């Protein structure tokens, strides 16, 4: 345990010295991972599949804020969709514009959730999204998480029906729009996963904010169980077929990831909890203080045992 604590302190020290470089590297890895997953799953635009092009786009994203990164990734996604179907591209573009106007105009700092959610679903760890959102943000994060789930199932729909969408030129354009929207809205699996993640965010946030010992650890465990329960309830009530083994493995990996996040962000020592009380003219305050776990850097001292004396050479005559 001490090794991990020392490693954490070294990371904090490194980040404090090179914050700008570290943020740029994080944005590059984040953007390149999203672009690579997009190219592997809906890589219909051949020019945007080249790793060199992806690396260049990721380098551009490294110097942009997360809101601009989300916009750039949205443009790349629409370019891939346009290679398959103009109708799907228009529906997706309208959805993204509505999300940007109705939510991100008031909460611009959460734009990365629109990217993280599809990435988590592609990696088969959808429960990690709700756990991390509940630990790091508030209940309102349900909105971007739900929108991210809709985006993922849009991409999954295009991937599964690419051949049909490309070769249905004889179908009326109005019927195309209605058919695509109907297939997306009637997707029971998507609705179940939206409900599962919403339950997870709500449960994790409520437990995490409670004044009990090990609240974050309890929140991760209870949130994982709540999501599994909601998934099985949706499976039973709506008749949605969900892969049980994949859900269990994904839930375990998500809990481990949330535990790592907890360790690096909110590691506290409940054995040294202190309680204090004070008051003013209007209120009496009861305060519970829990110190964070910190490891002081070991001081390295170099002590010389003997001090060698230089022998003077005899002067030359």
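Numbering (my numbering), first residue to last: 3 to 319.
C-beta atoms are modelled at their ideal positions from N, C-alpha and C, and glycine is treated no differently.
As the structure is a prediction and not an experimental result, all values here were calculated from the model.
For residue i, three-class secondary structure by DSSP
i, result
"residue 94", "helix"
"residue 10", "helix"
"residue 126", "coil"
"residue 270", "strand"
"residue 20", "coil"
"residue 245", "coil"
"residue 213", "coil"
"residue 105", "coil"
"residue 263", "helix"
Candidates the options, of which the one nearest residue i by Cα
i, options, result
"residue 219", "140, 184, 266 and 146", "266"
"residue 139", "124, 163, 121 and 113", "113"
"residue 135", "13, 213, 206 and 123", "206"
"residue 28", "183, 66 and 186", "66"
"residue 76", "116, 57 and 31", "116"
"residue 36", "164, 177, 119 and 99", "119"
"residue 294", "283, 278, 253 and 268", "268"
"residue 279", "285, 259, 289 and 203", "289"
"residue 104", "145, 194 and 178", "145"
"residue 81", "46, 32 and 200", "46"
"residue 256", "147, 163, 132 and 215", "132"
"residue 26", "64, 130 and 240", "64"
"residue 39", "10, 79 and 61", "79"
N- and C-terminal bounds of the beta strand (DSSP E) containing residue i
i, result
"residue 397", "As displayed, the chain neither begins before 3 nor continues past 319, which places residue 397 out of reach and without an answer."
"residue 279", "276–281"
Counted within 10 angstroms of its Cβ, other Cβ atoms place residue i as buried (16 or more) or exposed
i, result
"residue 128", "buried"
"residue 18", "exposed"
"residue 231", "exposed"
"residue 12", "exposed"
"residue 274", "exposed"
"residue 281", "exposed"
"residue 143", "buried"
"residue 49", "exposed"
"residue 165", "exposed"
"residue 246", "exposed"
"residue 89", "buried"
Start-to-end residues for the alpha helix (DSSP H) that takes in residue i
i, result
"residue 155", "144–162"
"residue 84", "68–84"
"residue 294", "Segment: none, residue 294 is in no alpha helix (DSSP H) and carries neither H nor E."
"residue 356", "The question about residue 356 has no answer here: the residues shown for the chain are numbered 3 through 319."
"residue 46", "Neither: residue 46 is in no alpha helix (DSSP H) and is coded neither H nor E."
"residue 195", "190–210"
"residue 185", "175–187"
"residue 231", "217–240"
"residue 58", "53–63"
State whether the region 149–159 contacts the region 225–238, with contact taken as three or more CB pairs (one from each stretch) at a distance under 8 Å. no
I want to know whether the region 87–96 touches the region 46–58 - three or more CB-CB distances under 8 Å. The region 87–96 makes no contact with the region 46–58, as fewer than three CB pairs between them are under 8 Å.
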